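To keep things clear, I will list the structure first and then write my remarks on it.
Numbering (this note's numbering), first residue to last: 9 to 1030.
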C-alpha cells in the first residue's frame, strides 16, 4: 500500500499536526475586516482553486507515487477545491440517517476504500519577518495524507475540524507542489455517522499562514461582569519564548476602552472595561481586541456576556433566556458540504427574518467564519463536536426490545475506553477552535452516541478547561443499566421530540438541570404542526429554556431540470445506494434552494417578538407583552393595526411614536386604538409589528409578526356567505326521472344525475355546461404527509385509501319548492366492514343550488380519519379561486399561525405547495365561502360552520403515488375538495403522536354546506 494504515489505527488520529488552537488570521499590521475578507491579510495565502485530481475505487489501486515532484499528472482531471468529489461525477452519493454505510467492524472500514489524489501547484513568496509557514485544512472528509514538494508532511482526520501543519522546513521560495490523498472512510467514520449525505473530499478552505519565529500561538478570552465593570482575561501561549504583547480594546465607535502592554503575568493579561455594553442576540455588541507583537498583529472581537444555570433556570447576563432555535447542517444541493461565506449569510439572513435567535450546529463544528458571523449578527449557538456513532445501536440483536437496545447501544464505542482518545480529541478540536466566540453559549459533546466513559472524559476536560459555558449531551439518556455513570459535568437535561406532557412532567421533578429540546417539531414535508403549543410551554415554565426545530434545510442533490424547466432534486435511494433512508433528509424549514416552507412562516409568527395577550373591545384597548429579553420594543419596532369587515379594509393606522408606550423586555403595556366596528359582517382586528431601523440582515419596515382578533358585532357572519345561505328558495318546477341506478333532475337551467348506488351526484350540468368531469365522491383519504408516516400504515390497514360510498335506501320528494333526496349510505372498502354510516339529505333549489347535510357516524374500531368531505372533479378551466377564510398560505388545524382571515384570490396552480416528495398540501381552513370559476362556469360553496377546501391540478392519488415533485402529471381537471375537517399535521415523522385536540377522532358529526353554480362571463360570477 502506498501509505501507512493510519486510517484504521484508533491511536493515531493525527501525525505532525500542530496542537489545537483558537481560530484567527494574523497579519503584519492590524486588519479590521478579516471576517468577511480574510484574504486581505498579507500573511494569508489561499490555495483554493482547480486542483489536479484522480479518483480511485480503492486505496489498493493507487500504485504510483503521485506526490513526488515531477510526477506526470496529464492523466489527472481537475476538480474545484473546496468541493466534494461526488458532486463532480466521482463515486456516488449516499444518504443514511442512523445506519452505518459500511459493516460495523470498528476500527476497520471497507478494504476497497475509495480515495482521491489531489495535486496543486502554487507560488510562495517568503517574508523575512514571517519566515514560518503553516498549512491549514479547515475540512477534509474523512482522512488525508499530505506531501509538499515530495516530502511527507503528515496525516489527519476529523472531517469538520481544522488540521494545521508546520511546513516551514519543506516549503520553498517560488514554485511548490502540494499533494493530498483523501480516503472515503477511516476509523473516524465510526464517529461521523450523522444524518446527512455522505460526501468526500477537501470541502473547506485550504490556506497557508505566514508567521514570525516568535509570537502568539493561542489565546483564550474570558469575561465576567461585576458591579458595572467587565473583567477580561486573555490567557496566552506563545510559539517559542514568551515575548511582550500589546493588547488594545476599542468600542464600536473606535474609542479605546482598555490597553495593556508587556509580558503576561503567569501567562495571562487582565484588564477591566468600565460600564460595558453586554452582548446578546438582540444587541450583538462587539468590542475589537488587537494583539500586537513585534512582527505580527491579530485582530479579534470580544463580546461580553455571561451564561449561567441557577436553580434549574438558564440566565444570560442575569436575564432568563429562551432559545427559539433551529438545527443547521452545512448543506447545499449543488455544492454539498462546501458552504461559502455568502451561503452562510443567506441562511443567517433568512433566520433573522423569521425570528430565529439560536442555532445548533448539528452535528459538527461549522466553518470558523460562521461563528464570527453569528457573533456579529446575533445568534446563540450550541456548538457541537463532530461525534455521532448512531450506527452502533443498529447492530443485529436476537432480541431487540427498547430495553435491550438502550443497554447495548453504548458498548461498541461510547463506553469503550479504546475510543476515549478519539472522543476527547474531537471535543478539544471543537472547544479550542471556537473558545473565543461569544455566540457560543453551550458546548455539545456530539449527537446520538449513547453514553459512557468516553463522554465522561470529554465532559470532564471541557468543564475544567472552560467553566464559563454550559455543557450539553442528549445521548446521556442511553446507557447500560448495570453501571453507574458520572453526569455531574452535564449542565442541561436535553431531550429530542418529547410531547408537551413529558416536558411539563419534568418541570415537577426536584432537579437542578434546565430542560432543553435540542431537537423538536420535525419539519418534514407539510409541517410541523403545533409549534404554538411548544411556545406556550416554553414561556410558562422557567426551567424550560427553549428548543431547536429539526431542521433548517431540506438536504437534496440537484440533478438539473426537466424538459419543461422544473428543477429535479434527489434524495436517499435515488443513486442506487445501499443502505439508505429515503427522503428522511427532506425535513427542513426551507427547500434546498432556500425558498421558505410554510413551516418557516409558521415558526416566524409563533415566535413574534410582541403579542396581544388581551383586548378590551369596549375600551378598544390592547394589552401587549414583549417577549424580547433585553430590548424595549418601542426602540426596536413599531405597530400598525387594521380592521377589516368581510375582507374589506375599514380602518388602518400606524401607531405614532407619541402614542406608543414604553414596552420593556418581558413586560406588558396597554395601547388604546381608534376604530369603529360595523354592525354586520365578520370583522377582524389585525395588529402587525415591524422593525423600526435596519439591522445588518433585516431591512427597516420588515414585518416581524402579527396578531389577529375576531371582533364582536350584531351580526358576526360573513355577509356574502350569509346571503347565499339565507337566500329564499325560488319556486320552480322539476322534471324528475328515476330508474334503478339514478335519479335524473331537470330544472330550468340545470340537469343533475344522482346515483342511488353511491348516494352522491354522478353528473351536474349548469346552463348546458358540465360542472363535473367525473362523478362526485365522499372523500376520507388524503395523500399522506411525511408526518403521517406512522399513522399512514393504520389508515391503509383500514383501507381508507380504497374507500367509496355505498347507498342503501334512497327517497325523494318535492317540498316547498325544492327537491329533497335522502339516502342511507356508508363508506366501505374490500375486504373489511363498514367504516362510516351516513344519513345524507340533499336539497336542490329551482336555481340549481345544492344543499347537503351529512350526518356521519364512524365505527369506533377504526382509527382517526385523514379527512372528511366531498371531492369534485371540475373542468381544468375552472382554475381561479376566491375565498373568505385563512390565508394567504396553506393552513391546517395545528398549522395556521402564518395565516390570517381575509378575502383571498389565487389561481389553482398557485395554491399548490410543491413539496419535493408529493403529499397533501395547499388546504385553506376556517372558510365561510369559496368560489372556484373559469371558462363558462363558477361554483360557490358556503356553510354556517367554517370548513376547509383544497383545489389542485393533481389528484390525491397522484400525490400519494409519486416519489418526486418533478414526476407529477396534471390530471386534466381541477380536483376540488370541500372538507368538514382534516386530521392535524403534527410532527410524527420523528416526533410525538399528534395531540388529541388535533386528531380527527369524532365518532359522530354533521357536515352541512351549500353549493351554488353560476355562469362565469367576462371573468365575473353571475
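Even glycine gets a Cβ: it sits at the ideal position worked out from N, Cα and C.
Treat the numbers as computed from the prediction; the structure is a model and nothing was measured.
**OP:** Pick out whichever of 336, 210 and 41 has its Cα sitting closest to the Cα of residue 556.
**Re:** Relative to the Cα of residue 556, the nearest Cα in the group 336, 210 and 41 belongs to 336.
**OP:** Can you have a look at residue 657 and say buried or exposed, based on whether 16 or more other CB atoms are within 10 angstroms of its CB?
**Re:** Residue 657 is exposed by the Cβ-count criterion.
Original post:
Considering only C-alpha positions, which residue in the set 936, 841, 780 and 852 is nearest to residue 880?
Top reply: The shortest Cα separation from residue 880 among 936, 841, 780 and 852 belongs to 780.
Subject >> Pick from 410, 852 and 200 that is closest to residue 371, judged by C-alpha positions >> reply: Closest in alpha carbon position to residue 371, among 410, 852 and 200, is 200.
Subject >> Buried/exposed call for residue 475, threshold 16 Cβ in 10 Å >> reply: By the Cβ-count criterion, residue 475 is exposed, with fewer than 16 other Cβ atoms from all chains shown falling within 10 Å of its own Cβ.
**OP:** Take the Cβ of residue 724 as the centre, count every other Cβ of all protein chains shown within 10 Å, and call the residue buried at 16 or more, exposed below.
**Re:** Burial call: exposed.
Original post:
When you compare only the Cα positions, how much space is there between residue 405 and residue 108?
Top reply: The alpha-carbon atoms of residue 405 and residue 108 are separated by roughly 16 Å.
Original post:
Is it true that the region 516-527 meets the region 1009-1025, where meeting means three or more beta-carbon pairs spaced less than 8 Å apart?
Top reply: The region 516-527 and the region 1009-1025 do not touch, with fewer than 3 CB-CB distances between them shorter than 8 Å.
**OP:** Reducing DSSP to helix, strand and coil, say where residue 731 ends up.
**Re:** The answer is helix: DSSP assigns residue 731 an H, G or I state.
Original post:
Counting along the chain, where does the alpha helix (DSSP H) carrying residue 512 start and finish?
Top reply: That run of the alpha helix (DSSP H) goes 508-515.
**OP:** Take residue 793 and list the residues in its own chain whose beta-carbon comes closer than 6 Å to its own, dropping the five residues that flank it on each side.
**Re:** Taken in chain order, the residues that qualify are 533, 534, 927 and 928.
**OP:** Go ahead and label residue 510 buried or exposed: buried means 16 or more other beta carbons lie within 10 angstroms of its beta carbon, across all protein chains shown.
**Re:** Label assigned to residue 510: exposed.
**OP:** Within its chain, find whatever has a CB closer than 6 Å to the CB of residue 575; leave out the 5 residues flanking it on each side and keep chain order.
**Re:** For residue 575, where only same-chain residues beyond five positions count, the Cβ hits under 6 Å are 569.
Original post:
Do residue 550 and residue 297 come within 7 Å of each other at the CB atom, strictly closer than that value?
Top reply: The Cβ atoms of residue 297 and residue 550 lie no closer than 7 Å to each other.
Subject >> Where the beta strand (DSSP E) containing residue 173 begins and where it ends >> reply: Unbroken beta strand (DSSP E) run through residue 173: 171-174.
Original post:
Which residues in the same chain have their Cβ closer than 8 Å to the Cβ of residue 1016, if we skip the five residues on either side of it in sequence?
Top reply: Contacts found: 859, 860, 861, 862, 951, 952 and 953.
**OP:** For residue 202, count neighbouring C-beta atoms within 10 Å of its own C-beta (all shown protein chains included) and say buried if the count is 16 or more, exposed if not.
**Re:** Around the beta-carbon of residue 202, 16 or more other beta-carbon atoms lie within 10 Å, marking it buried.
**OP:** Return helix, strand or coil for residue 197, following the three-state DSSP convention.
**Re:** The three-state secondary structure of residue 197, taken from DSSP, is helix.
Original post:
If you run the structure through DSSP and keep just helix, strand and coil, what is residue 681?
Top reply: Shown here, residue 681 sits in coil according to DSSP, grouped into three states, outside any helix or strand.
Original post:
Do three or more CB pairs link the region 106-126 to the region 171-183 at distances below 8 Å?
Top reply: Three or more Cβ pairs closer than 8 Å define a contact, and the region 106-126 falls short of that threshold against the region 171-183.
Subject >> CA nearest to the CA of residue 219, picked from 174, 245, 198 and 190 >> reply: Cα-wise, what sits closest to residue 219 is 174.
**OP:** Given a cut-off of 7 Å, decide if residue 27 and residue 51 are closer than it, judged by their beta-carbon atoms.
**Re:** Taking 7 Å as the Cβ cut-off, residue 51 and residue 27 do not qualify as a contacting pair.
Original post:
Shortest alpha-carbon distance to residue 315 belongs to which of 433, 349 and 500?
Top reply: For the options 433, 349 and 500, the alpha carbon positioned closest to that of residue 315 is the one of 500.
Subject >> DSSP-derived helix/strand/coil call for residue 609 >> reply: Residue 609 carries a helical assignment under DSSP once its states are collapsed to helix, strand and coil.
Subject >> Reference residue 10, options 76, 46, 895 and 57, closest by Cα >> reply: Residue 76 is the option with its Cα nearest to residue 10.
Original post:
Mind checking residue 466: buried by the 16 CB within 10 Å criterion, or exposed?
Top reply: Label assigned to residue 466: buried.
Original post:
DSSP on residue 859, reduced to helix/strand/coil?
Top reply: Secondary structure of residue 859 (DSSP, three-state): strand.
Subject >> Contact under 7 Å by Cβ, residue 889 with residue 852 >> reply: In this structure, residue 889 sits away from residue 852, with a CB-CB distance that is not shorter than 7 Å.
Subject >> Span of the alpha helix (DSSP H), counted from its first residue to its last, around residue 439 >> reply: For residue 439, the enclosing alpha helix (DSSP H) begins and ends at 428-442.
Original post:
Does DSSP put residue 529 in a helix, in a strand, or in coil?
Top reply: In this structure, residue 529 counts as coil in the three-state DSSP scheme.
**OP:** Look at residue 208 and residue 259 and say whether their C-beta atoms are less than 7 Å apart.
**Re:** No.
Original post:
The alpha helix (DSSP H) spanning residue 907 covers which residue range?
Top reply: From DSSP, residue 907 is part of no alpha helix (DSSP H); its letter is neither H nor E.
Original post:
Can you round the beta-carbon distance between residue 562 and residue 594 to whole angstroms, since I take them to be within the 8 Å contact cut?
Top reply: With a Cβ gap of about 4 Å, residue 562 and residue 594 count as contacting.
Subject >> C-alpha distance - residue 645 paired with residue 437, whole-angstrom precision >> reply: Cα to Cα, the separation comes out at about 40 Å.
Original post:
DSSP three-state call for residue 661: helix, strand or coil?
Top reply: DSSP places residue 661 within a strand segment (E or B) once states are collapsed to three.
Subject >> Nearest-angstrom Cα separation, counted from residue 661 out to residue 699 >> reply: C-alpha separation (whole angstroms): 16 Å.
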